[in-house]
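Residue numbers (this note's numbering): 70 to 273.
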């Protein structure tokens with residue numbers, strides 16, 4: 070089941086890593102009560118704040134992990150934020166935890182379908198989720214693909230630090246920042262995951 074999932078991804082500012090190693094990855098609601106560096110796009114979070122999963126909780130009470138973090142959200146962040154980012158690699162075993170929900174596209178979409186793990190078998194467009202690009206000549210098809218490539222795994226409340234197996238960073242500078250934050254797992258420098266873009270980071 071879900072053999073195509075090798076790992077899950079969480080996009081985060083490196084400035085939050087020390088807290089994550091201590092407290093785990095917290096949902097938006099819990100994180101809002103702690104000092105942290107947010108890279109959330111306000112208009113996106115406004116949509117997510119109003120969304121409730123059928124038979125479940127408000128979307129902001131789930132940690133949102135991506136099946137593929139090389140997606141339009143990361144592309145926007147690379148262009149619009151000044152914080153040094155990394156992509157945390159999460160053990161795919163978390164999808165089997167109680168209450169986890171899978172989505173077939175961005176969870177805030179009006180067209181999203183929410184699934185339990187067993188319900189999601191054969192329902193996700195794997196080729197589009199793991200595509201390198203989402204651009205199409207047809208504008209409607211492009212909008213559709215932009216949403217699908219952002220398919221999510223929603224974990225209630227938090228993901229413990231023990232499920233973090235490593236991280237992707239865009240440069241040696243980012244790797245050093247991650248090490249200084251106390252990150253003690255595999256760090257892979259992979260500019261391609263970040264569209265070969267560099268954030269204009271703040272002076273450290």
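The C-beta atom is built at its ideal place from N, Cα and C for all residues, glycine as well.
- With a cut-off of 8 Å on Cβ pairs, the region 156-164 is in contact with the region 75-82, counting three or more such pairs.
- In this model, residue 92 and residue 230 are separated by some 7 Å (Cα to Cα).
- A distance below 7 Å between beta-carbons, with the five flanking residues on each side excluded, links residue 134 to the following residues of its chain, in chain order: 77, 78, 79, 159, 221, 222, 224.
- Apart from sequence neighbours up to five positions away, the residues of its chain that approach residue 106 with a beta-carbon distance below 7 Å are 82, 84, 85, 152, ordered along the chain.
- It is roughly 33 Å from the alpha-carbon of residue 264 to the alpha-carbon of residue 168.
- Cβ-Cβ distances below 7 Å link residue 244 to 238, 256, 258 in the same chain, with the five nearest sequence neighbours on each side left out; the list follows chain order.
- Here residue 73 has 195, 199 as same chain residues with Cβ atoms under 8 Å from its own Cβ, once five neighbours each way along the sequence are excluded.
- The criterion of a C-beta distance shorter than 7 Å is not satisfied by residue 181 and residue 94.
- Taking residue 120 as the centre and dropping the five residues before and after it, the same chain places the C-beta of 128, 177 closer than 6 Å to its C-beta, in chain order.
- Looking only at 216, 248, 131, 254, the smallest Cα-Cα distance to residue 163 is reached by 131.
- Closest option to residue 137, judged by alpha-carbon separation, among 248, 201, 98: 201.
- DSSP, read as helix, strand or coil, puts residue 240 in coil.
- Residue state for residue 78 is assigned as strand, using DSSP reduced to three classes.
- The shortest CA-to-CA distance from residue 122 to any of 88, 184, 207 is the one to 184.
- Here residue 123 carries a coil assignment [DSSP, helix/strand/coil].
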